[in-house]
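Trainee:
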Amino acid sequence: MIPSQPRAPGLGQLLGRLVGEARSLAADYAELAVLDARRAAIRLAWLLGAVLVAAVLIVTTWMGLVASVVVFMLGKGASWVTALIVAALVNLAGAAALGWWMLALIKELPFTALLRQLRGEPPQKPQ
186 MIPSQPRAPG LGQLLGRLVG EARSLAADYA ELAVLDARRA AIRLAWLLGA VLVAAVLIVT
246 TWMGLVASVV VFMLGKGASW VTALIVAALV NLAGAAALGW WMLALIKELP FTALLRQLRG
306 EPPQKPQ
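Converting from the sequence shown to the numbering used here requires adding 185 to each position, the first position being numbered 1.
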């Protein structure tokens, strides 16, 4: 009796194996994307928490500076009303400066460079 040689896999088997490997590869990439998204979300949460704590610290520092100006003015003989009006005006000036800066940020809409590229327009010169 002649020993039989193993048969080479047929086209159907090769295609089945290829589909299985492609499915496994897609599942691995999907799992990697989910894990990366989860990691990014956790990092974003930590970042937002740190920004919140920093904002609270900045606000308390600002309040301390304004209070020290009020106390300094009171020590120099200013009335409570005058000291509080000066503090309020300083706060309004800061808010106005911040609002002006925010308006400058809003002027450029999001994705303008992408939209220009899709429309085939030339790039704008840097400002």
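Built from N, CA and C at the ideal position, the CB exists for glycine as well.
Report back the beta-carbon spacing between Leu277 and Ala268 to the nearest angstrom; my notes put them in contact at under 8 Å.
Mentor: On the sequence shown, position 92 is the one that residue 277 refers to. On the sequence shown, position 83 is the one that residue 268 refers to. About 15 Å; that fails the 8 Å criterion.
Trainee: Would you mind reading off the limits of the alpha helix (DSSP H) that contains Ser253?
Mentor: In the sequence shown, counting from the first residue as 1, residue 253 sits at position 68. Element bounds for Ser253: Leu196 to Gly260.
Trainee: In terms of alpha-carbon separation, which member of Leu229, Ala272 and Ser264 lies closest to Gly249?
Mentor: Locating residue 249 in the sequence shown gives position 64, counting from the first residue. For Gly249, the nearest C-alpha among the options comes from Ala272.
Trainee: What did DSSP end up calling Gly279 once you bin it into helix, strand or coil?
Mentor: Taking the first residue of the sequence shown as 1, we reach residue 279 at position 94. Of the three classes helix, strand and coil, the one that applies to Gly279 here is helix, per DSSP.
Trainee: With a cut-off of 8 Å on the beta carbons, I'd call Val275 and Val251 a contact; round off their distance for me.
Mentor: As a working note, residue 275 is residue 90 in the sequence shown. As a working note, residue 251 is residue 66 in the sequence shown. The pair is a contact, with the Cβ atoms about 6 Å apart (cut-off 8 Å).
Trainee: Could you compute how far the alpha carbon of Pro194 sits from the alpha carbon of Gly201?
Mentor: In the sequence shown, counting from the first residue as 1, residue 194 sits at position 9. In the sequence shown, counting from the first residue as 1, residue 201 sits at position 16. Computed Cα separation, rounded: 11 Å.
Trainee: I need the straight-line Cα distance from Leu210 to Leu199, nearest angstrom please.
Mentor: Taking the first residue of the sequence shown as 1, we reach residue 210 at position 25. Taking the first residue of the sequence shown as 1, we reach residue 199 at position 14. Roughly 16 Å separates the two Cα atoms.
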